[in-house]
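Student:
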Amino acid sequence: MLSPEALRRIDTEIAKYPADQKQSAVMAALAIAQQEKGWLAEDTMAFVADYLGMPQVAVLEVATFYNMYDLSPVGKSKLTICTGLPCALSGADEAADHLREKLGVGFSEVTADGSFMLKEGECMGACGDAPVLLVNNRRMCVRMNKERIDALLDELNS
Amino acid sequence: MVEVEIDGKKVEVAEGSTVLKAAQELGIFVPHFCYHKKLSIAANCRMCLVQVEKAPKPAPACATPVAPGMKVWTHSEQAVRAQKGVMEFLLINHPLDCPICDQGGECQLQDLAVGYGNSASRYQEEKRVVLNKNLGPLISTDMTRCIHCTRCVRFGQEIAGIMELGVAGRGEHSEILTFMGRAVSSELSGNVIDLCPVGALTSKPFRFAARTWELARRRTVSPHDSLGATLIAQVKGDEVVRVLPLENEEVNECWIADRDRFSYEALRQPHRLNAPMLKQNGAWTEVDWQTALEYVAHAFRDIAAEHGKDALGFVASPHSTLEELYLMQRLARGLGSENIDFRLRQSDFSLDGVRSGVPWLGMNIAEISRLDGALVIGSFLRKDHPLLCQRLRQIAKRGARITAVHAAQDDWLLPVETFMKVAPSAFPVALLEILKAVCSTTGASPDTQFAAYLESLPVSDEARRIAESLCSARNGALLLGNFAQHHPDAGLLHSLALEIARCAGQLRVGILGEAANSVGGYVAGACPSPGSGGRNARMLWEDPCRAYLLLNAEPRFDCADPAQALSALSNAEHVVVLTPFVGEHGDYADCLLPIAPFTETSGSFVNTEGRVQSFRPVAQALAQSRPGWKVLRVLGNLLSLPEFEFESSEQIRDSLVAGRDVTAQLSNDMGRVDWTMPSAPPGLERVSDIPIYRTDAVVRRASALQACRDGTDPVLRIHPATASEVGLSNKGRARVKQGGAATELSVQLDEGVARGCVRIAAACEASSSLGPMFGPVTVEAC
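Protein sequences appear in the order of chains A and B.
Residues in the first sequence are numbered from 1 upward in steps of one, following the working numbering.
Residues in the second sequence are numbered from 1001 upward in steps of one, following the working numbering.
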């Protein structure tokens, strides 16, 4: 199900907790699985549950609670734009409109070619550089006006 | 102890108690949804908010520990305002569809909304809708009604031991669901219906059948396992439409197994036998009771006159009532026959004549919850005894050490410290190993009859670990399960268990009774008297009788060796069957007498702890059915047997147990039993479980239960290593042969099965043509 590399990383996470509390590593394990698979399918969650010796539905509870876990295919690049108050005051709504227009999709939708997904996000803790946009949960882009958005899309498209 | 004041009344409660508990002591009701005394505290419904002195805001009574001098007001203005506020929020997304909701009239939300809700909602916006889930044939869902108390989730985690339901999502998007939309499979799942404070989880078989106020609620007792769970049968007209637990802390607490809850479906048409039937010239005809009973009396009298009294055999299911069992044995003995038995799945009767009393649990059921160690020998514990298993699950959680010796390792949903997996023929050796390890720990000297075997016996690590855990228990027990009682060396296993208990230092030995009246059968005397030469359940078929009377028994499913039983029955001249049901005895019987099932007769069950529980009929007998005890009484009268003038079942019971202490008859002690060390049979050994929904005639006909995963057809289960030795592959088909009998089954590889064994469930259609539940069996791929 997961590569030896991913399993090694999950084992490192498990090692941080007492041996009888492997399930403490569930969030990290899900993040690692998602990074490798792109999103969390039900059988991926089932695998993580069995790997950590916890009930499968308990893994589902965690995966559905946090919105950085994706439970459906996300496209090649997932763009999560913060629409929290500081970002909104600094032009996040315009940036979101621009993204919707350029990509032709709404929030939580994937472009027809499968290359982009647009998602609405919550505060990412970088309000000073609002509006903030996150690419694939890992790369943070700041001060996202129209020009910088266009440049980002060009870069991701190339 | 801590003194607190609630609503101006002072009360002393234990340190660490909650405000809610203290209020309950005072008889003050605090409204709540998520709190349940048997479940962990979640404090997520917020309905129990109360005012606490010096606290800045209302506190949840269920999760607030008491402190010395604490002053609490449960109905002050602040408290009631908070409770009303919570109620308003709970009702925002609740559909308010009480008129079409099955919970209507017995709904905690509805009841509390009367006191705390407004008559009209201020909420104008759209309500949320949650899609219903398919949780299987037993539980119906209306998830929009859910208020997220999570009782059902906590029940699964904490009581049933298997977390099948969970809360997905967050905030407004929270919903209760199962992983991948699976059906729930727990054998205790029906309890979530009782736990659900709203109409989100309701009974599927009961759906839209009745309103709670139309139903008469009558107390009865479960006829299935030996726990004797107390039940409330809810009756509409003359039909039982629902069964609920009657809380009884000493027996079933507030739970019942799904088998107890849903088996009532079998008590309806088309399953029931309506009238007495006689087979004449190969065709069945309905007759009146008089004709049928006279036919039986003549038949028995003729057989006895022609072939001797020994030619009559009396076979009862251990799910029959005490009164039925008693009158059956009186009838048999009145006719001069000692061929009587109710222990139909047992094959070893070496204990008859040497046991000191009636085999029983060896302790009260409630005492199981105080054990700190238990060795379970030969038991499909979780499915055979769902609620006893639940008690063991709770003590395991508190640190009790559970170990097991068995031929098939199923997940009991509790931590089993050491599981010694051995083939049935190796059970005695496994127990001898444990005995040796126990003796070397405690220095006790084993009884001479075992000493010779112990000398050169190598002791496995598992046996050593089990011995260590037994010796460290201060209040431990050895529990012999159904499998150990069915075992061909049951007597030896029993005496080894006693010997281990003695050598380990006064451990208790308990017999987990198989059926509702496994203890009651002995109390009623429904087995051959020692030394009388009467035929026991094995000899009844091995040495066939000319005529049989079957009481509630279905030999194809209820006997240790169905093939042998059927051949004896089909060669008999007369087979008279007292049964509530149609469809089973047509081939061999010549007279069918419709008797009332447990809901339509009065009677008693003696549970595994020796508790005599009597019950009244909860519904009118269907069609021409008559209570079994009345039928047997009239038969006794027709045969002019002395002292057969019973007016009521109470009179029968009292003549048997009144003034006599049943518990004084209970004992698992025994004299010395004759035994020989069994050797492994050549080839493979059969391991038989009785699937949970195949145990007795009632549950086998309960349609919703049969639709559950536990009701599916049995497969042949075999260890992968053994499978490759005999050329079987997973999901393939196998031809199974046992003596002259044969059948075909699907194969499932299962590492839980001991090597050298095949596990084939008994009491099932697919395996009913096979031979004994134990012993050699051959399999080949086909």
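Note that CB positions come from ideal geometry on N, CA and C, so glycine has one too.
Considering A:M27, what are the terminal residues of the beta strand (DSSP E) in which it resides?
Tutor: The residue given as residue 27 of chain A occupies position 27 in the first sequence. Counting along the chain, A:M27 falls outside any beta strand (DSSP E), though it belongs to the alpha helix (DSSP H) covering 26–37.
Student: Which residues in chain A sit within 8 Å of B:S1163, going by Cβ to Cβ distance?
Tutor: Walking along the second sequence from the start, residue 1163 of chain B turns up at place 163. Note that residue 1163 of chain B is Met in the sequence shown here, rather than Ser. Going along chain A in sequence order, the residues near B:M1163 (Cβ under 8 Å) are P55, V57, A58.
Student: Tell me which residues of the region 1170–1183 of chain B have at least one Cβ-Cβ distance to chain E shorter than 7 Å, keeping chain order.
Tutor: This model lacks chain E altogether; the protein chains it does include are A and B.
Student: In the structure shown, what three-state DSSP assignment does B:Y1116 receive?
Tutor: Taking the second sequence and counting its residues from 1, the one referred to as residue 1116 of chain B is at position 116. Helix, per DSSP.
Student: In chain order, what residues of the same chain have a beta carbon less than 7 Å from the beta carbon of B:P1058, not counting five sequence neighbours either side?
Tutor: Against the second sequence, residue 1058 of chain B aligns to sequence position 58. Around B:P1058: L1049, V1050, Q1051, Q1078, A1079, A1082.
Student: Residue ranges of each beta strand (DSSP E) run of no fewer than 3 residues wholly in the region 1431–1495 of chain B, ordered along the chain?
Tutor: Those beta strand (DSSP E) runs which fall completely within the region 1431–1495 of chain B and span 3+ residues are 1476–1480.
Student: With a cut-off of 8 Å, does the C-beta of A:F65 fall near any C-beta of chain B?
Tutor: Locating residue 65 of chain A in the first sequence gives position 65, counting from the first residue. Chain B, which has a Cβ nearer than 8 Å to the Cβ of A:F65, makes this yes.
Student: Distance cutoff 8 Å, beta carbons only. Does A:E94 sit that close to anything in chain B?
Tutor: Stepping through the first sequence from its first residue, residue 94 of chain A is reached at position 94. No, because no Cβ of chain B sits closer than 8 Å to the Cβ of A:E94.
Student: If the cut is a Cβ gap below 8 Å, which residues of chain A does B:V1167 touch?
Tutor: Stepping through the second sequence from its first residue, residue 1167 of chain B is reached at position 167. By Cβ distance, chain A contributes E61.
Student: I'd like to check one pair, B:A1560 with B:R1538: are the Cβ atoms closer than 8 Å?
Tutor: The sequence position of residue 1538 of chain B within the second sequence is 538, counting from 1. The sequence position of residue 1560 of chain B within the second sequence is 560, counting from 1. Contact flag set, yes.
Student: Taking the alpha-carbon of B:Q1706 as reference, which of B:E1765, B:A1742, B:A1297 has the nearest alpha-carbon?
Tutor: In the second sequence, counting from the first residue as 1, residue 1706 of chain B sits at position 706. The shortest Cα separation from B:Q1706 among B:E1765, B:A1742, B:A1297 belongs to B:E1765.
Student: For A:G121, does the three-state DSSP call read helix, strand or coil?
Tutor: Translated into positions along the first sequence, residue 121 of chain A becomes position 121. In this structure, A:G121 counts as strand in the three-state DSSP scheme.
Student: Could you name the residues of chain B that A:E42 contacts, counting a contact when the two beta carbons are closer than 9 Å?
Tutor: For the purposes of this step, residue 42 of chain A is taken as the residue at position 42 of the first sequence. Those within 9 Å of A:E42 in chain B are F1179, M1180.
Student: May I ask which residues mark the beginning and end of the beta strand (DSSP E) holding B:L1578?
Tutor: For the purposes of this step, residue 1578 of chain B is taken as residue 578 along the second sequence, with counting starting at 1. Its beta strand (DSSP E) spans residues 1574–1579.
Student: Between which two residues does the alpha helix (DSSP H) holding B:Q1564 run?
Tutor: For the purposes of this step, residue 1564 of chain B is taken as the residue at position 564 of the second sequence. Where B:Q1564 is concerned, the enclosing alpha helix (DSSP H) stretches over 1562–1571.
Student: DSSP three-state call for B:M1001: helix, strand or coil?
Tutor: Counted from its first residue, the second sequence places residue 1001 of chain B at position 1. Correct three-state label for B:M1001: coil.
Student: With distances taken Cα to Cα, identify the nearest neighbour of B:S1222 among B:G1199, B:E1751, B:V1698, B:A1565.
Tutor: For this step, residue 1222 of chain B is matched to residue 222 along the second sequence. The residue with the shortest Cα to Cα distance from B:S1222 is B:V1698.
Student: Within 10 angstroms of the Cβ of B:D1123, are there 16 or more other Cβ atoms? Answer buried if so, exposed if not.
Tutor: Locating residue 1123 of chain B in the second sequence gives position 123, counting from the first residue. It is Tyr, not Asp, that sits at residue 1123 of chain B in the sequence shown. B:Y1123 comes out exposed.
Student: Determine the direct distance from the alpha carbon of B:L1096 to that of B:R1653, and round the result to whole angstroms.
Tutor: The residue given as residue 1653 of chain B occupies position 653 in the second sequence. The residue given as residue 1096 of chain B occupies position 96 in the second sequence. If you take the alpha carbons of B:R1653 and B:L1096, they lie about 50 Å apart.
Student: In terms of alpha-carbon separation, which member of B:A1023, B:S1189, B:A1292 lies closest to B:L1638?
Tutor: The count along the second sequence starts at 1 and reaches residue 1638 of chain B at position 638. That would be B:A1292, whose Cα lies nearest to the Cα of B:L1638.
Student: Measure from the alpha carbon of B:A1043 to the alpha carbon of each residue in B:V1575, B:E1005, B:M1143, B:V1086, then state which is nearest.
Tutor: Locating residue 1043 of chain B in the second sequence gives position 43, where the first residue counts as 1. Answer by Cα proximity: B:V1086.
Student: Does the distance from the C-beta atom of A:M117 to that of A:V62 stay below 8 Å?
Tutor: Walking along the first sequence from the start, residue 117 of chain A turns up at place 117. Walking along the first sequence from the start, residue 62 of chain A turns up at place 62. Going by C-beta atoms, A:M117 is not nearer than 8 Å to A:V62.
Student: In whole angstroms, give me the CA-to-CA distance for A:G91 and A:M144.
Tutor: Along the first sequence, one-based indexing puts residue 91 of chain A at 91. Along the first sequence, one-based indexing puts residue 144 of chain A at 144. Rounded to whole angstroms, A:G91 to A:M144 spans 8 Å at the Cα level.
Student: Between the beta-carbon of B:L1716 and the beta-carbon of B:S1688, is there less than 8 Å?
Tutor: The residue you call residue 1716 of chain B lines up with position 716 of the second sequence. The residue you call residue 1688 of chain B lines up with position 688 of the second sequence. No, they are not a contact pair.
Student: Let me make sure I understand the geometry here. Which of B:S1625, B:T1608, B:A1589 has the alpha-carbon closest to that of B:E1600?
Tutor: For the purposes of this step, residue 1600 of chain B is taken as the residue at position 600 of the second sequence. It is B:S1625 whose Cα lies nearest to the Cα of B:E1600.
Student: Taking just the CA atoms, how far does B:E1125 sit from B:L1414?
Tutor: Reading the second sequence from its first residue, position 414 is the one you call residue 1414 of chain B. Reading the second sequence from its first residue, position 125 is the one you call residue 1125 of chain B. Roughly 47 Å separates the two Cα atoms.
Student: Between the Cα of B:P1720 and those of B:G1732, B:D1710, B:P1580, spot the shortest distance and give me the residue it belongs to.
Tutor: Residue numbering aside, residue 1720 of chain B sits at position 720 when the second sequence is read from its first letter. The shortest C-alpha separation from B:P1720 is found at B:G1732.
Student: Provide the residue(s) that pair with B:T1230 in DSSP beta bridges, ordered along the chain.
Tutor: Counting from 1 along the second sequence, the entry for residue 1230 of chain B is found at position 230. B:T1230 pairs with B:V1221.
Student: Given a threshold of 16 other Cβ atoms within 10 Å of its Cβ, counted over all protein chains shown, does B:S1649 qualify as buried or as exposed?
Tutor: Numbered from 1 along the second sequence, position 649 holds the residue referred to as residue 1649 of chain B. Buried, by the Cβ-count rule.
Student: Determine, using beta carbons only, whether B:T1743 and B:V1753 come nearer to each other than 8 Å.
Tutor: In the second sequence, counting from the first residue as 1, residue 1743 of chain B sits at position 743. In the second sequence, counting from the first residue as 1, residue 1753 of chain B sits at position 753. No, they are not a contact pair.
Student: Whole angstroms are fine: how far does the CA of B:W1255 sit from the CA of B:V1243?
Tutor: For the purposes of this step, residue 1243 of chain B is identified with residue 243 of the second sequence, where counting begins at 1. For the purposes of this step, residue 1255 of chain B is identified with residue 255 of the second sequence, where counting begins at 1. B:V1243 and B:W1255: Cα-Cα distance of roughly 12 Å.
Student: Could you tell me how far apart the beta carbons of A:L7 and A:S77 are, in whole angstroms, since I believe they sit closer than 8 Å?
Tutor: Counting from 1 along the first sequence, the entry for residue 7 of chain A is found at position 7. Counting from 1 along the first sequence, the entry for residue 77 of chain A is found at position 77. With a Cβ gap of about 26 Å, A:L7 and A:S77 do not count as contacting.
Student: Kindly list the residues whose CB is nearer than 8 Å to the CB of B:R1272, restricted to its own chain and excluding five residues on each side of it in sequence; keep chain order.
Tutor: Mapped onto the second sequence, residue 1272 of chain B falls at position 272. Answer for B:R1272: P1580, F1581, V1582, P1594, L1622, A1623, S1625, listed in chain order.
Student: Residues in the same chain with beta-carbon distance under 8 Å from B:L1454, minus the five sequence neighbours each way, listed in chain order, please.
Tutor: Here residue 1454 of chain B corresponds to residue number 454 of the second sequence, with the count starting at 1. Excluding positions up to five away in sequence, the list reads L1432, L1435, K1436, C1439, P1446.
Student: Can you tell me the Cα-Cα spacing of B:P1823 and B:F1206, whole angstroms?
Tutor: Outside the displayed span of chain B (1001 to 1782) sits residue 1823 of chain B, for which this structure offers no information.
Student: Which value, in whole angstroms, describes the spacing of the CA atoms of A:T64 and B:R1170?
Tutor: The count along the first sequence starts at 1 and reaches residue 64 of chain A at position 64. The count along the second sequence starts at 1 and reaches residue 1170 of chain B at position 170. C-alpha separation (whole angstroms): 7 Å.
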